[in-house]
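Below: one structure, written as structure tokens.
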Amino acid sequence: MMTFAMLPARLAVAVFAVGLTLALAGQPLRADPPAHENWAVAGYDPVAYFTQGVPQPGLRAYALKWRGAIWLFATPESRAAFEADPAAYLPQFGGHCVVSVSDGHPAPGDPRLFVIRDGRLYLLGSAEAKARLAAQPDVIARAQAAWRQTGD
Numbered sequence: 001m002m003t004f005a006m007l008p009a010r011l012a013v014a015v016f017a018v019g020l021t022l023a024l025a026g027q028p029l030r031a032d033p034p035a036h037e038n039w040a041v042a043g044y045d046p047v048a049y050f051t052q053g054v055p056q057p058g059l060r061a062y063a064l065k066w067r068g069a070i071w072l073f074a075t076p077e078s079r080a081a082f083e084a085d086p087a088a089y090l091p092q093f094g095g096h097c098v099v100s101v102s103d104g105h106p107a108p109g110d111p112r113l114f115v116i117r118d119g120r121l122y123l124l125g126s127a128e129a130k131a132r133l134a135a136q137p138d139v140i141a142r143a144q145a146a147w148r149q150t151g152d
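Here it is, written out as structure tokens:
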């Protein structure tokens, strides 16, 4: 039997439960890795672009420090592949958007927007940049020339 004195406690529990449900309702099951200033490719597994064809968030359990950055991998196999041949998996132009590099104004690439051409990973900064790359085949060559001039 519920007494009048128990009502505020039950009401508080119900309000908390509803609030928690609403707060978590929009959360994805697997979120992007949390931002970290030294995480290469914003915490995405660089090998997964080649092996899975999609951006895959890396896990701290398979982190590797390489050239001053922390690289995250989704699996131990990805980490081993990277350790064996890092150059094969590096995003070109330091992870900058290939289109912005070709324009002479390097801007960060979005690790969720990418293309692989001739076995190389290129990040893009926007859907518009991806469309421009598809429409203008010389973007990569122009980006390579511009990047050489920066000395990076």
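Mapping to full-length UniProt numbering: the sequence shown position 46 is 46, numbers consecutive.
Ideal placement from N, C-alpha and C gives every residue a C-beta, glycine not left out.
None of the values given here were measured: they were computed from a predicted structure.
For Tyr-89, there is no enclosing alpha helix (DSSP H), as DSSP gives it neither H nor E.
Each residue's CA atom was taken as its position, placing Lys-65 and Trp-71 some 6 Å apart. Here DSSP, grouped into helix, strand and coil, assigns Arg-132 to helix. Scanning its chain for C-beta atoms nearer than 6 Å, with the 5 sequence neighbours on each side dropped, one finds around Gly-104 the residues Ala-146, in chain order. Minimum Cα-Cα distance from Ala-48 among the listed residues Arg-67, Ala-80 and Ala-127 corresponds to Ala-80.
When the beta-carbon positions are compared, Val-41 and Pro-111 come within less than 7 Å of each other. Excluding its 5 nearest sequence neighbours in each direction, Arg-120 has C-beta neighbours in its own chain below 7 Å: Gln-92, listed in chain order. Assignment of beta-bridge partners to Arg-117 by DSSP yields Arg-120. Put simply, the backbone Cα of Asp-45 is about 16 Å away from that of Leu-124.
The continuous stretches of alpha helix (DSSP H) do not include Ala-40, and DSSP gives it neither H nor E.
A straight line joining the alpha-carbon of Gly-95 with that of Pro-137 spans about 19 Å. Assigned with DSSP and collapsed to three states, Arg-79 falls in helix. Residue environment for Ala-129: buried (at least 16 other C-beta atoms within 10 angstroms of its C-beta). In the structure shown, the three-state DSSP call for Ala-107 is coil.
Inclusion of Phe-50 and Tyr-62 in the CB contact set at 7 Å is not warranted, their separation being larger than that value.
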